[in-house]
DNA sequence: ATATTTGCAAAGCGTTTGCACGGTT
DNA sequence: AACCGTGCAAACGCTTTGCAAATAT
């Protein structure tokens, strides 16, 4: 059957090849923030006939179409997630690499206020919190936690940021 | 005479070579957020006997020593600025690429509140605002604006983010 | 039928590194 | 004198691209 993202592709009149369908499906089913290698791995599991170059091209295309959003959580690799309804940000657990999503209206307000006082309109913004779970604490709902990817090398490019793996999905306000 | 950063190096017992002294000086005098190529350019102007590999190594060393901070404003290249007193963040003018620094106590508070409600302590955070100057607006104080660098290619790695150049220094609260 | 997309391998970019040499302590 | 820092060029990791073959419309 047709994945949510495949539907979006069709709406936009993209030519639907087998490989695009697979990538679309992998993305639709991803509850986390996979990098290209991970997407390639998951896609290959469904269909051998896919090269990593195609994954790169597809991901770029989808991003240009506003279907996907590229994230940079440090580590030199781009991570992707389907565009969602409202804006939300990420808290990365520095111990485990898990990513927790959150959103906060007060924060939105504040960003605009800060920009405004400098004479600017906010076009976009980047916010990532790196945190450590505190001892006896309400364990953030680890619902949704899907089969996990797990990059986490290091060494190159804009790298040398906190190492990480990926994703729990959780809490808002 | 001795630059501010050179002093810090000595305090930490780093071996002071000619090249390190030059990089230290360039950084001390930088009012902006140069990338490695730009540092190399400025350093070369003062002393031919410097290779870009050394700039990379020095910048990494200084960062490990807490003398320098690495920033990522998108564009795939790391940018550097001397560690300052308090934490501050950056607003990047998407038209000109200029970087304006700001800080906001309320924002600090909010970040900790958000993390806390998810059960985390904030270890570090990343925040960048990308904005467009609005029409008839109080022109943010463009004091400090020093001789400007000006990267701004594109094309690779974690790139394909808003293009930009660099720095005006301005406003806090 | 024709314009697009794909796979492969090569190129590109920022950054790091092995090695022999040179300078600092 | 012993060690560490440097220059050069090669290696790296992620991403893009040229080209010929395959495919969607």
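Protein chains in written order, with my numbering: chain A, 1 to 173; chain B, 1001 to 1173. Ideal Cβ placement from N, Cα and C applies to all residues, glycine included.
Under 8 Å by beta carbon: chain B residues contacting residue i
| i | result |
| --- | --- |
| residue 131 of chain A | 1115, 1118, 1120, 1121, 1122, 1123 |
| residue 91 of chain A | 1114, 1115, 1118, 1120 |
Own chain residues within Cβ distance below 8 Å of residue i, not counting five before or after
| i | result |
| --- | --- |
| residue 1132 of chain B | 1093, 1094, 1095 |
| residue 77 of chain A | 35, 36, 37, 151 |
| residue 108 of chain A | 87 |
When the options are compared against residue i, the one with the closest alpha-carbon
| i | options | result |
| --- | --- | --- |
| residue 1105 of chain B | A/114, A/105, A/100, A/99 | A/114 |
| residue 82 of chain A | A/70, A/89, A/90 | A/70 |
| residue 63 of chain A | A/119, A/17, A/8 | A/8 |
| residue 58 of chain A | A/45, A/48, A/80 | A/80 |
| residue 1124 of chain B | B/1117, B/1118, B/1087 | B/1087 |
| residue 1015 of chain B | B/1061, B/1049, B/1031, B/1045 | B/1061 |
| residue 1006 of chain B | B/1017, B/1117, B/1024 | B/1024 |
| residue 72 of chain A | B/1097, B/1108, B/1127, B/1054 | B/1127 |
| residue 174 of chain A | B/1098, B/1110, B/1108, B/1068 | Because chain A in this structure spans residues 1 to 173, residue 174 of chain A falls outside the shown range and cannot be described. |
| residue 117 of chain A | B/1134, B/1010, B/1040 | B/1134 |
| residue 85 of chain A | A/68, A/75, A/74 | A/68 |
| residue 1017 of chain B | B/1054, B/1028, B/1029 | B/1054 |
| residue 1052 of chain B | B/1108, B/1074, B/1020 | B/1020 |
| residue 1004 of chain B | B/1028, B/1011, B/1010 | B/1028 |
DSSP three-state assignment for residue i, whether helix, strand or coil
| i | result |
| --- | --- |
| residue 3 of chain A | coil |
| residue 1172 of chain B | Interpretation of residue 1172 of chain B is limited by its pLDDT of 48, a score under 50 that renders its predicted location unreliable; the figure taken from the coordinates is listed afterwards. Here residue 1172 of chain B sits in coil by DSSP. |
| residue 1070 of chain B | strand |
| residue 14 of chain A | coil |
Neighbourhood of residue i by C-beta, 7 Å cutoff - its chain only, sequence neighbours within 5 removed
| i | result |
| --- | --- |
| residue 91 of chain A | 100, 102, 129, 131 |
| residue 112 of chain A | 122 |
| residue 66 of chain A | 83 |
| residue 22 of chain A | 43, 46, 47, 50 |
| residue 1013 of chain B | none |
| residue 56 of chain A | 36 |
| residue 1010 of chain B | 1016 |
Chain-order list of residues whose beta-carbon lies under 6 Å from that of residue i (same chain, five-residue window excluded)
| i | result |
| --- | --- |
| residue 42 of chain A | 26 |
| residue 1040 of chain B | 1052, 1055 |
Residue i: contacting residues in chain B (beta-carbon distance under 7 Å)
| i | result |
| --- | --- |
| residue 128 of chain A | 1125, 1126 |
| residue 106 of chain A | 1110 |
| residue 88 of chain A | By Cβ distance, chain B contributes nothing, its closest Cβ being about 11 Å from residue 88 of chain A, past 7 Å. |
Neighbour list for residue i in chain A, Cβ cutoff strictly below 7 Å
| i | result |
| --- | --- |
| residue 1102 of chain B | 114, 118 |
| residue 1094 of chain B | 123 |
| residue 1134 of chain B | 119, 120, 121 |
Next on the checklist: I'd like the ranges of any beta strand (DSSP E) spanning at least 3 consecutive residues and lying wholly in the stretch 72-140 of chain A.
Outcome noted: Along the length of the stretch 72-140 of chain A, whole beta strand (DSSP E) runs at least 3 residues long occupy 79-82, 89-93, 99-102, 120-133, reported in chain order.
Checklist entry - Unbroken alpha helix (DSSP H) runs of length 4 or more, entirely within the stretch 17-74 of chain A: which are they? => result 18-29, 36-46, 52-64
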